[in-house]
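A short worksheet on the structure shown next.
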Amino acid sequence: MTLPTIFDLCVPRDDVLKGTLLDNDFAAKLSHVLSKRASPDYGDPSRFFANTFPTEGLKELLSNICGRLSGRGGAVSAVFRLDTSFGGGKTHGLIALVHAARSAAEVANIAEFVSPELLPTGHIRIAAFDGEDADPANGRPMGDGIRAHTPWGEIAYQLAGKAGYEIVRRSDEERIAPGADTIAELFGTDPVLIVLDEMSDYLRRVQHMEGRDQLTAFLKALFTAAEGSPRAAVVYTLALRNDGKGIDAFAEENEFIAKSMEELESVSGRKAANLNPTKDDETASVIRRRLFASIDDERAEEVIQAYHALWVRAGDKLPEFAKRSSTVDDFRRAYPFHPDVLNTLTDKTATLTNFQRVRGMLRILARTVGDVWAHRPKDASAIHLHHIDLGVELTRREFTTRLQQGAFIPAINNDIAGSGGKNALAQDLDDKNFKGLLPYASYVARTAFLHTLAFNNDLKGAHPDHLRFSIMGPEAEADFVDDARTKFRQDSAYLDDRPGAPMRFTAEANLTQIIAREERNVEAGEARPELDDRIRQIFGGSTFDLVMNPGMPGDIPDDLADGKPRLAVMSYDVFGVGANIAAVPDLIVKLYERKGSEGSGLRALRNNLVFLLPDESQIVDMKRAVARLIALRTLKAPDRLKDLSEHQRQKVIELQSRSEHSVAVTIQQCFRHILYPSRNGIGDGTVTLAHAVIDIQNASEKPGAGQLQVSRQLRLQNKLRDATDEPDSPSYIRDRTPLKKGQITAQALRDEFRRDPALPILLSDDVFVKAVRKGVEEGTYIYQREGLLAGPGDPIPSIVIDEQSVISTMDFAKAKGLWPRHASAAKKQEPDEVVHGPGPGGFGGPGGGGVPDPEGEDVDEDDDDEIGENVKRFVFEGILKEALRRVFEAAKAAKIDRIDKVVVRVFEHGDAFKLIPVAGSIAGAKKTISLSGEFETTDGSTMEFEFKGSSAEASSVREYFERQFKAASEATLNASLGFDFEPALSLDGDATEKFIEKLTRFASATAYVEAIAEVK
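Its first residue numbered 207, the sequence shown is counted upward by one per residue in our numbering.
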């Protein structure tokens, strides 16, 4: 069953909803009521009593005085004193008294307040003195050209008009109190009600005019005259606490009047009756009556019990008083207001000098009710402190202007509710952490602020358990409150930052603000070297060779160096990428594919290079963390530390230490994006770089060990191997590398792992050695070195990675008679060709490209092509265009003038499918296309195939295989394109260049190129 909200159970008064309650409605003046200048809420008796709750004190006041005036009440005293706290309802009580005496018959619900039998009948003479309106020096205009300077002058005119004033004129003008008989003369025979309000204000005005003694004399005479008139009553007010101490700005004057009255009572033996129109426990009822036209208290009990159950369940997280039955009773009396609302306003806010308890609460809560009904928050099972929204300008002014708490304006604007379109801290935290939830950070900030407003420092603020109690409800969870409190306290610029202090605001900036100011003073030129050094420290290590902020291909060497792969950390001032990279950035492409200062050469060791890029969303946080580190280091200097308080000094030292850790964490959280070599490149796949992202949580572990996080992520992508890992299968290595041609040196094969993006990156030669051993043991490889031959079943020798060690496939070894050993003894023949390692310049340099400079070799036989004797063959492996040029150049250097045949072998299916239609366009040659391979569909079906035929026939099957390969989960393809030139291709002129241009116009594959020439 859904819990009813305040919108279901309560109906606010129209003027509350419309916001038409005026400030002067809450600051009622007795003089305005008497002169009929008051607003309808106070001037209209029926409306006034409809909005007023009949407190016990108010009923007692009306019964006593109405009974005195009517002669039927049996009142024991003619003098009544109203003792209330500031704003506690005394003026409201006096207005009720005037209406009851003057117009009770017009009020439909008067019986709620006083028995109709006690109401006076006939004419009642009423006179009131309001010290706030007094003008002792100039005289207050009364009418008929008369200006009264004293209380007795004003009362005389109000009781008997001009003639009455003439009786006391000299007393008024000379500020000398009249006697009791003179005052009695003014009373006449009609019932008389004399009301004295704010006498303390009058005393302050006449403090240099000897007015105190005369006021005392007047009061003695007035009380004596009233006691002598059976139907006369005098009511005066004092703002005193229960202990007799004044609590407002006129405390001294109130205490003087109280002492004077005690002396008078002692001398006369007559004692004034003390009344309190609004007791503290009736405040809630007064407010409910004024703000709401109706409240369904019967159904509200369901809500109250739901809260009670919540408090019981969360008892260990709440203050002790939350478990008491009295708290439930408080809620019942205050509903729809949460009990902490009225308790905070009465116990804390009311201690401020200028806060009028009932009036002030009514103003604040009337605005809050109007705002809540306008915005209808989803957690409105009750109205909490946090619904008092300081973002509403009129509500804000209640505290900053009326309560004179303007010193907190910076705290409100910065931390709680921004102005001028700028968010405060709490609002930013809500947007970042609680979107779609309640605005927990704003709730925490508002509640803490309202708990801050107290006169006594011990009352200021709220501890975590009290904060939970104030905010928790059926829709608001304690865990979110705690989370918001922690985040808010961490970043607030105005919370009290002393150890053990409750959550409360200060007018002065706290250490957070001091640090923030110092952060703003950190220049970018100071922060950048610090940040670069930290990045270098974090991503340096023994796993990768670190390259910082490369901008040109020449910044990243294309050599083996000490054998470690290279990690290129890109500049945060140049790069910033998101979670999804659609294509490899142009600069990365250039760095990855080219080498040398001008970028003129092709990078050979592409599988030896990993890029690390910053996350664009984390760059600002990383820079801020470094600025904070520098700021804290500055504040920690002795000459700055001495300016801070002791607790702030300790905090700076602690924060500076923690900031070292924080910088490391933010750097690793920023540099999360890895681009690593892979045959499945991002984007259109033309650049063989894949994208991986280091998880934020993983990035936060072991701050300072950046290479560890990179290694871990590459392992997850199955890209990295070290000495502890198992190698790839020997057959995969065979089929993926030039070893599939039959034979290769150990050094060349090891270096393939630095060249081919489809292969894993090897951090150690040990894993490579394990792969060779495994291949020998399984019978996939034969290992040879300086007369040593090892195959399956042999003791495995120590595998040496150099140019003298040769690895052959078993098929090749058998074909060449190398294995079994007896065959090799009978047929001592060297292999056709051994692929060697890099030349002096490394792969891609002079003599580079994966094989040495092409050299012509005599060919006795060729199983595939049946080439006869007197044949020279030239080979090169690399980017297709370069490989073609290199073999043609080598042929010319060998004094060959014509090429009879060119064979191009490619190993990526995408390259092969691009070249097939291109091959068909080559004129002057017979084209033979050989395709073999296998693929596995997503459903697990497999297919193996072999094709050899013309380019036209290959084109007809190309479209089918291309579709299958794109959709396949696994696929391998071996492709060979043969060109038999008829007549032979001349090496003079531009024929070779035209051939190269036509073949490579639409494809830039990595290929193995073989050019064959028949020597005449």
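Cβ coordinates follow ideal geometry from the N, Cα and C atoms, glycine included.
Around the beta carbon of I902, fewer than 16 other beta carbons sit within 10 angstroms, so the residue counts as exposed.
Per DSSP, the beta-bridge partners of L818 are V775, I880. Secondary structure within the region 1068 to 1153: the alpha helix (DSSP H) runs of 4 or more consecutive residues, fully enclosed, are 1086 to 1099, 1115 to 1126 (chain order). Counting along the chain, R353 sits inside the beta strand (DSSP E) bounded by residues 352 to 354. When the beta-carbon positions are compared, S803 and G760 come within less than 7 Å of each other.
For D546, the uninterrupted alpha helix (DSSP H) segment begins and ends at 545 to 553. Cβ neighbours of D697 within its own chain (closer than 7 Å, five residues either side excluded): L631, T718.
The alpha carbon of R287 has as its nearest neighbour, out of R278, I271, E338, the alpha carbon of I271. Here G349 is exposed. Its C-beta has fewer than 16 other C-beta atoms within 10 Å. Per DSSP, the unbroken beta strand (DSSP E) holding H897 starts and ends at 895 to 899. Between N755 and I967 the beta-carbon gap is near 22 Å, outside 8 Å, which marks them as no contact. Judged by their CB atoms, G782 and P820 are nearer to each other than the 7 Å cut-off.
Excluding its 5 nearest sequence neighbours in each direction, P1123 has C-beta neighbours in its own chain below 6 Å: S1161, listed in chain order. In the displayed model, P542 falls within coil according to three-state DSSP, outside both helix and strand. Residue ranges of uninterrupted beta strand (DSSP E) with 3 or more members are absent from the region 353 to 392; none lies entirely inside it. The DSSP assignment places 631 to 639, 646 to 658, 670 to 677 as complete runs of the alpha helix (DSSP H) inside the region 613 to 691, in order along the chain (cut-off: 4 residues). Taking C-beta atoms as the reference points, P525 and H672 count as a pair closer than 7 Å.
In this chain, the beta strand (DSSP E) harbouring R346 covers 346 to 349. Per DSSP, the unbroken beta strand (DSSP E) holding V753 starts and ends at 751 to 754. Per DSSP, the unbroken alpha helix (DSSP H) holding G417 starts and ends at 417 to 433. Put simply, the region 636 to 656 does not touch the region 501 to 510. Fewer than three CB pairs are less than 8 Å apart. Every beta strand (DSSP E) stretch that sits fully inside the region 1157 to 1193 and reaches 3 residues is listed by chain position as 1176 to 1192. Per DSSP, Q919 is one residue of the alpha helix (DSSP H) stretching across 912 to 922.
A residue is called buried once 16 or more other Cβ atoms fall within 10 Å of its Cβ, and R1164 is buried on that count. Setting aside the 5 residues that flank it on each side, G912 is surrounded in the same chain by I744, F745, Q874, each with a C-beta closer than 6 Å to its C-beta; the list follows chain order. By the Cβ criterion, the region 538 to 553 is in contact with the region 571 to 591, since at least three pairs of Cβ atoms, one from each stretch, lie closer than 8 Å.
The criterion of a C-beta distance shorter than 7 Å is satisfied by I787 and I888.
With the rule of 3 Cβ pairs closer than 8 Å, the region 424 to 435 counts as touching the region 379 to 395. The straight-line gap separating the alpha-carbon atoms of M678 and K693 is approximately 18 Å.
Counting only residues of its own chain and dropping the five nearest sequence neighbours on each side, T1134 has a CB closer than 6 Å to the CB of G1184.
Assignment of beta-bridge partners to Q949 by DSSP yields S1014. Between the region 889 to 900 and the region 835 to 847, the count of Cβ pairs shorter than 8 Å is below three; the stretches do not touch. Between the alpha carbons of D407 and D339 lies a distance of about 9 Å. The C-alpha of Q953 lies about 58 Å from the C-alpha of D637. Rounded to the nearest angstrom, the gap between the Cα atoms of V441 and L399 is 8 Å. Beta-carbon to beta-carbon, A833 and V728 are separated by about 4 Å, close enough to satisfy the 8 Å threshold.
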